[in-house]
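**Student:** Let me begin by handing over the structure; questions about it come next.
2 protein chains.
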Amino acid sequence: MKLYDFRLAPNPRRVRIFLAEKGIDVPTVQVDIVKAEHKQPDFLAKNPLAGLPVLELDDGRHLTESVAICRYFEALQPEPPLMGVDALDRAFVEMWNRRMEFEVFGPIAQTFRNTHAFFAGRIPQVAEWGEVNRRAAHKRLAWLDTELAERRFVAGDRFSIADITAWVGIDFGKPSDIRIDAAHKNLQRWYEAVSARPSARA
Amino acid sequence: MKLYDFRLAPNPRRVRIFLAEKGIDVPTVQVDIVKAEHKQPDFLAKNPLAGLPVLELDDGRHLTESVAICRYFEALQPEPPLMGVDALDRAFVEMWNRRMEFEVFGPIAQTFRNTHAFFAGRIPQVAEWGEVNRRAAHKRLAWLDTELAERRFVAGDRFSIADITAWVGIDFGKPSDIRIDAAHKNLQRWYEAVSARPSARA
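Chains as they are written, first to last, in numbering that gives the first Met the number 0: chain A, 0 to 201; chain B, 0 to 201.
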């Protein structure tokens, strides 16, 4: 297997952190988005949607979508569990991971895509939509702070894929100047705890 | 258990179709979004994000996010399998379901939310963003037509949750006048086949 990756993009980072938590080593191939390498025919043959990461399997097939890749590795190597331990726990971890995707990671990524100079001329930017998302991101971070008053990690007392999604999403707020408010002590405590894990440097 | 549902909303419909395919009967409670019942305190206590559907468990906890709810029922009753049959198949079904969410259902829903009169005054609409998504939706339907030239269903030869997501998403294009192009014969063939299943009326 090998993982098509780009060091500066948030979605491949989610998978790298997941693999680091599992202690799984997969060779990576860098696909430089800045140089539009993901739009070249040889990469589009792997993923016609041009997204990263892509896992190339030994049979030559290509698995895309960060969470699908993580789910495959969770099945290959269940320990430590990052996606739940029984049917109901798995459902709640999925709920929290999706909430982090749609309510935290999503608005932060949409702000970046629609307001940052990097994407000017690369995609159709709608600045007003970026600002709607910036406000949504701040609102959701305030909500997440109240949730984290009740437990250690996003989905419960165990670190999970939902923490990875939320942490990568929040860290990706920096270029858009979306940061954790100093008043949000629970969120700050959680962010520092996740940042201190060795996997955060993956 | 009971399922908080709204007949006119696309996400609860995904879960209703999933349950119909499984032959599982869960009592439903209608939450009328048009009357803003999802914004009332008693519903927000169930889901602070105000989204539908919500599955109320017998222990009083609330599971949200359509796919998390489906995954729980898939574990409770694996037959017929709608989310894959082994580790790799499950990963590919998840890949296709996510592609349908992010590339088909998502752009169609964003077009509706940002351009339809229903949401005027309810959410901050950005018409230009709606039109970006309308163009993306048409482009992705053309892509999906090419994918469906190669196989019977979205994720392979077996009907799966990815078909439910795509079909509900495409059907939700009607109020925004996003429809399958007559030239897209594979997509049309698939759409008619899924529409003919009894679950489509769930």
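Ideal placement from N, C-alpha and C gives every residue a C-beta, glycine not left out.
(1) Would ALA201 of chain B and ALA67 of chain B qualify as a contact pair, given that the criterion is a beta-carbon distance under 8 Å?
(2) Between the alpha carbons of PRO80 of chain B and ASN10 of chain B, how many angstroms are there, rounded?
(3) For the alpha helix (DSSP H) that GLN39 of chain A lies in, which residues bound it at each end?
(4) Is DSSP giving LEU62 of chain B helix, strand or coil here?
(5) Does the distance from the C-beta atom of PHE111 of chain A to that of PRO174 of chain A stay below 8 Å?
(6) For VAL53 of chain A, does the three-state DSSP call read helix, strand or coil?
(7) How about GLU78 of chain B: is its C-beta nearer than 8 Å to some C-beta of chain A?
(8) Taking contact to mean at least 3 C-beta pairs separated by less than 8 Å, is the stretch 118-137 of chain B in contact with the stretch 138-153 of chain A?
(9) Whose Cβ in chain B lies nearer than 7 Å to the Cβ of ARG70 of chain A?
(10) Is DSSP giving PHE171 of chain B helix, strand or coil here?
(11) Alpha carbon to alpha carbon, how far is ARG15 of chain A from LYS21 of chain A?
(12) Can you tell me whether ILE32 of chain A is helix, strand or coil according to DSSP?
(13) In the stretch 113-131 of chain B, which residues sit with their C-beta less than 7 Å from some C-beta in chain A, listed in chain order?
(14) Shorter than 8 Å from the beta carbon of GLU191 of chain A to some beta carbon of chain B?
(15) I'd like the list of long-range same chain contacts for ARG13 of chain A, defined as Cβ closer than 7 Å, with 5 residues on each side in sequence excluded.
(16) Would you please verify whether the beta carbon of THR110 of chain A is less than 8 Å from any beta carbon of chain B?
(17) So the alpha helix (DSSP H) ASP4 of chain A belongs to, where does it begin and stop?
(18) List, in chain order, every chain B residue whose beta-carbon is nearer than 7 Å to that of VAL66 of chain A.
(19) Name, please, each residue of chain A whose Cβ falls closer than 7 Å to the Cβ of ASP86 of chain B.
(20) Quick check: the Cα distance between ALA86 of chain B and GLY120 of chain A, rounded to an integer number of angstroms?
(21) Name, in chain order, the residues that DSSP records as bridge partners for THR27 of chain B.
(22) By Cβ distance, which residues of its chain are closer than 6 Å to HIS37 of chain A, with the 5 residues on each side in sequence left out?
**Tutor:** Inspection of the coordinates gives the following:
(1) no
(2) 20 Å
(3) Counting along the chain, GLN39 of chain A falls outside any alpha helix (DSSP H), and DSSP gives it neither H nor E.
(4) strand
(5) yes
(6) strand
(7) no
(8) no
(9) ARG89, ALA90, GLU93
(10) coil
(11) 10 Å
(12) coil
(13) PRO123, VAL125, GLU127, TRP128, VAL131
(14) no
(15) SER65, ILE163, THR164, VAL167
(16) no
(17) Element bounds for ASP4 of chain A: not the alpha helix (DSSP H) but the beta strand (DSSP E), 1-4.
(18) GLU93, ARG97
(19) Reading the sequence as shown, one finds Ala at residue 86 of chain B and not Asp. In chain order: TYR71, ALA74, LEU75.
(20) 40 Å
(21) B:LEU2
(22) VAL30, ALA49
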